[in-house]
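Notes for the one structure printed next.
Number of protein chains: 2
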Amino acid sequence: MGRKRTKSGKIRLAEVAELAGVSPITASRFFRNPEALSVAKRTRVESAARELGYVPNLAARALASQRTEVIGVLIPSLTNNVFSDVLRGIYDASEGSRYSIQLSNTRYSILQEEKLLRLFLAQKPAGLIVTGIDQTTESRAMLEAADCPIVQIMEIGPSPIDMMIGFSHYDAARAAIAHLFDQGRRRIGFVGARMDPRVQRRLDGYVAAMKDAGLFDQRLTVTTATPTSVTLGGALFADLLAREPDIDAVFCANDDLALGVLFECRRREIAVPEQIAIVGFNDLEFMASSVPTLTSVRTNRYEMGSTAAAMLIEAIEGKRPEQPVLDLGFTVIERQSSQMQRPAGPRPPEWSAAVQNDSVTNDP
Amino acid sequence: MGRKRTKSGKIRLAEVAELAGVSPITASRFFRNPEALSVAKRTRVESAARELGYVPNLAARALASQRTEVIGVLIPSLTNNVFSDVLRGIYDASEGSRYSIQLSNTRYSILQEEKLLRLFLAQKPAGLIVTGIDQTTESRAMLEAADCPIVQIMEIGPSPIDMMIGFSHYDAARAAIAHLFDQGRRRIGFVGARMDPRVQRRLDGYVAAMKDAGLFDQRLTVTTATPTSVTLGGALFADLLAREPDIDAVFCANDDLALGVLFECRRREIAVPEQIAIVGFNDLEFMASSVPTLTSVRTNRYEMGSTAAAMLIEAIEGKRPEQPVLDLGFTVIERQSSQMQRPAGPRPPEWSAAVQNDSVTNDP
DNA sequence: AGGATCGTTGACAGCGCTACCAGCAACGAC
DNA sequence: GTCGTTGCTGGTAGCGCTGTCAACGATCCT
Chain B
1 MGRKRTKSGK IRLAEVAELA GVSPITASRF FRNPEALSVA KRTRVESAAR
51 ELGYVPNLAA RALASQRTEV IGVLIPSLTN NVFSDVLRGI YDASEGSRYS
101 IQLSNTRYSI LQEEKLLRLF LAQKPAGLIV TGIDQTTESR AMLEAADCPI
151 VQIMEIGPSP IDMMIGFSHY DAARAAIAHL FDQGRRRIGF VGARMDPRVQ
201 RRLDGYVAAM KDAGLFDQRL TVTTATPTSV TLGGALFADL LAREPDIDAV
251 FCANDDLALG VLFECRRREI AVPEQIAIVG FNDLEFMASS VPTLTSVRTN
301 RYEMGSTAAA MLIEAIEGKR PEQPVLDLGF TVIERQSSQM QRPAGPRPPE
351 WSAAVQNDSV TNDP
Chain Y
1001 MGRKRTKSGK IRLAEVAELA GVSPITASRF FRNPEALSVA KRTRVESAAR
1051 ELGYVPNLAA RALASQRTEV IGVLIPSLTN NVFSDVLRGI YDASEGSRYS
1101 IQLSNTRYSI LQEEKLLRLF LAQKPAGLIV TGIDQTTESR AMLEAADCPI
1151 VQIMEIGPSP IDMMIGFSHY DAARAAIAHL FDQGRRRIGF VGARMDPRVQ
1201 RRLDGYVAAM KDAGLFDQRL TVTTATPTSV TLGGALFADL LAREPDIDAV
1251 FCANDDLALG VLFECRRREI AVPEQIAIVG FNDLEFMASS VPTLTSVRTN
1301 RYEMGSTAAA MLIEAIEGKR PEQPVLDLGF TVIERQSSQM QRPAGPRPPE
1351 WSAAVQNDSV TNDP
């Protein structure tokens, strides 16, 4: 027969069109904008494509249309639990759409981010998701010049490049400290690691809250550029304790540090919360089942990822959101580690979310 | 001037060739196989490309060459710490190469895996990394028919599709149980969640070890299909304890469960390791700083990812490894939670790897 | 010396798809 | 009846790059 096949035996659009009895361009339109076809041709093309098992060639499509269906995602870490939740949201929201995710790891370096951005932009992505609001001037210029929608995630700030979804780390930290004040704590330490911009803003929130209460003392804060870990939490807390033995609470920049502090307390036989209250950040799963259970600031990481991807896809397809900046808020989840009175005796773990004691919500 | 530009103002290969005074095809060769050019032309093309800021159009390249420079990665979970380590290895090893990573999440479903595989294969990836050895018959057939290198990761098994890198979960579990036997434990429980194939093989190893010692008892194992979590570890352990109050050790299929068991012991004031020994699996970071520190089976997850990607890239470029199946082994890291005698008094956390008490190594 | 071989280069012809524009029928307004 | 207008369809002409083949001079071997 006259129909020619590509070497690899792959079905091309032309074959589909031939079987459907339409021109290739009509078949092409079926995949891009089915509404433009008459119902008759639409069903003909559809069944022809199904019958032949047609799979579009993305490279050809990208070349001809001068754009790709790739969403670039730049995150600072692949190991941090926080980002794995965000990523899962992004992947879930993009699944089923025509867009594929291209992920890159900036390793908390804005220079690396700039390099990767240049790489991404050269391939004309359909959209971009970048972490945070602290890009280099150069990166920012490139992003502003890019002709694709962009979502900044993880936090919100004053001048969005395009869209933005996150929450205020500063406010979240202030809320955590306010909770500790409510519980009668005064000498509240801060333990932070990595000190990326978001952790820095949590520190800023802590400092502001303490200053407002006239309780700030530089020696109450222990930070390091070292990547965070549970072990590090214990070590930093040990440093803090050596310097300031009279603290009555510790606010940890993340939950791993908080767990490390808890273990260190146990090691030193410091009663939590009687002697020292502990508050973490992010509300990872284990916080609800440790002994004592650990207070933390819950953040909506999965929703951040899924909403960011969904907003981006909408924007790519021309439906810009009415609300380009979205504050997902946070919730201080109060648990045993920061209660004024620790419940006596053993207690079953918080087995369902319903048991959890949500309060100090900031859902905008 | 006669030189024409693409609408977007992008530099094309033809421009580079013109500036360098060579034909486009020679310029093209420079990017694919520089050794084939004379040194003179090579430097001319190189400086022309740099001067113009040339960025190759990947879509055009893929279309013309009928292959992509994409490595497909199929993993079952984006949240599991285990996979984030593997992923980091994969991304690190692919960075700097010409290949980009296309990630998809099978969510522990081999049907989903099959679907994604079909999608990937249709785009002719340069290579593929798939998790485990339990593909559907259909998936396996597709993989065997695929004309690209493939690496199976996370475990090793009898009939590799192509390359394979991992370790024996069965042997690792046996080693963990052997360690508990060494410590005088006899009534050893098993706690497992999710029960994916690799967890199942850990259970098999446990069962075999117990049977060999004449100590197997079906009621000692508690498993569930529910995704794993720290809280779940505590709950499963509670079930086990209710049924078999006289157990003297628990082998947990992963570290989250082990941490949950530890917390549950604390809640019930069960002394670890005096009354019950705990052994986890994977050796996540927190295992070394909990109180007591937790014994676990260390697996080389990052290396698994980075080696898999490196092997794959080598294979794509024609240099097949002499050793297509690589056993990365495991190590039982013995810590306080399973020692015969628990060290008295508080003790600083294991601050560096050097402090750790490695033994029962199986580095092949 | 003649032929074979190697290293280097270029011409040509697509890869599979879509942007752009033109055509054509059907329809309604003036 | 003429002129838009709308809805649908098709032809043409690439998108930017590389596979294939051929050509060329230089070198090597018998």
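Protein chains in written order, with our numbering: chain B, 1 to 364; chain Y, 1001 to 1364. By construction, the Cβ of each residue, glycine as well, lies at the ideal position given by its N, Cα and C atoms. Being a predicted model, the structure only gives us computed values, none of them experimental.
- Residues of the same chain with a CB within less than 6 Å of the CB of Gly1192 of chain Y, apart from the 5 flanking positions on each side, are Val1199, Leu1203, Thr1223 and Ala1253 in chain order.
- In summary, Pro1149 of chain Y is buried, with 16 or more beta-carbon neighbours lying within 10 Å of its beta-carbon over all protein chains present.
- Between the region 45–59 of chain B and the region 268–285 of chain B, the count of Cβ pairs shorter than 8 Å is below three; the stretches do not touch.
- Taking the Cα of Asn1300 of chain Y as reference, the smallest distance to any Cα among Y:Arg1012, Y:Glu1155, Y:Leu1103 and Y:Gly1184 is reached at Y:Glu1155.
- Contacts with chain Y at 8 Å (Cβ-Cβ) do not include Asn282 of chain B.
- Judged by DSSP secondary structure, Ile1177 of chain Y falls within the alpha helix (DSSP H) whose first and last residues are His1169 to Asp1182.
- In this structure, Arg1067 of chain Y keeps its C-beta atom at 8 Å or more from the C-beta atom of Gly1305 of chain Y.
- Contact of Phe1330 of chain Y with chain B by beta-carbon distance below 8 Å is absent, the smallest such distance being about 20 Å.
- Within the same chain, Cβ atoms closer than 6 Å to the Cβ of Tyr1170 of chain Y are found at Arg1201, Asp1204 and Gly1205, the five residues on either side in sequence being excluded.
- Among the CB atoms of chain Y, none fall inside 8 Å of the CB of Gly318 of chain B.
- With contacts defined as CB atoms closer than 8 Å, Leu1236 of chain Y and Leu1257 of chain Y qualify as a contacting pair.
- In chain order, Leu78 place their CB closer than 6 Å to the CB of Asn105 of chain B, counting only its own chain and leaving out the 5 sequence neighbours on each side.
- In this model, Arg186 of chain B and His179 of chain B are separated by some 11 Å (Cα to Cα).
- Taking a Cβ-Cβ cut-off of 7 Å, the neighbours of Leu259 of chain B in chain Y comprise Phe1286, given in sequence order.
- DSSP places Asn1282 of chain Y in the strand class (E or B) of the three-state scheme.
- Residue range Val1230 to Arg1243 is occupied by the alpha helix (DSSP H) that includes Gly1233 of chain Y.
- For the region 78–100 of chain B, the set of residues with a beta-carbon nearer than 7 Å to any beta-carbon of chain Y comprises Leu78, Thr79, Ser84, Asp85, Leu87, Arg88, Tyr91 and Ser100, in chain order.
- In the DSSP annotation of this structure, Gln218 of chain B is not part of any alpha helix (DSSP H), being labelled neither H nor E.
- Listed in chain order, the alpha helix (DSSP H) elements of length 4 or more contained wholly in the region 1252–1277 of chain Y are 1255–1268.
- Interface annotation, Thr68 of chain B: in contact with chain Y, CB-CB separation under 8 Å.
- Non-local beta-carbon contacts of Gly233 of chain B in its own chain, meaning distances under 7 Å to residues more than five positions away in sequence, involve Val191, Cys252, Asp256, Leu257, Ala258, Leu259, Gly260 and Val261 in chain order.
- Residues of chain B whose Cβ lies closer than 7 Å to the Cβ of Asn1105 of chain Y are, in chain order, Tyr91.
- Exclusion of the five residues before and after Ile1247 of chain Y leaves Arg1187, Ile1188, Gly1189, Leu1220, Leu1240, Leu1241 and Ile1276 as the residues of its chain whose Cβ lies within less than 8 Å of its Cβ.
- One alpha carbon belongs to Pro292 of chain B, the other to Met1142 of chain Y, and they sit about 51 Å apart.
- Between Leu37 of chain B and Ala1059 of chain Y, the gap from beta carbon to beta carbon reaches 8 Å or more.
- Burial check for Ile25 of chain B: the Cβ neighbour count within 10 Å stays below 16, so the residue is exposed.
- Interface annotation for the region 1241–1260 of chain Y against chain B: Leu1259 and Gly1260, criterion Cβ-Cβ distance under 7 Å.
- From the listed residues B:Gly280, B:Glu317 and B:Phe31, the smallest Cα separation to Thr331 of chain B is found for B:Gly280.
- Check the Cα spacing between Thr295 of chain B and each of B:Gln123, B:Ile110 and B:Val272: the tightest is with B:Val272.
- For Arg1266 of chain Y, the chain B residues whose Cβ falls inside 9 Å of its Cβ are Arg266, Ser290, Val291 and Pro346, in order along the chain.
- Residue contact with chain B for Gln1339 of chain Y: absent (no Cβ-Cβ distance below 8 Å to any residue of chain B).
- A residue is called buried once 16 or more other Cβ atoms fall within 10 Å of its Cβ, and Ala1145 of chain Y, having fewer, is exposed.
- Taking a beta-carbon distance threshold of 8 Å, Gln152 of chain B does not count as an interface residue toward chain Y.
- Spanning the alpha carbons of Ala238 of chain B and Phe263 of chain B requires a straight line of approximately 11 Å.
- Taking all protein chains in view, the Cβ of Thr1137 of chain Y is surrounded by fewer than 16 other Cβ atoms within 10 Å, so the residue is classified as exposed.
- When the Cα atoms are used, Met210 of chain B and Gly329 of chain B turn out to be separated by approximately 22 Å.
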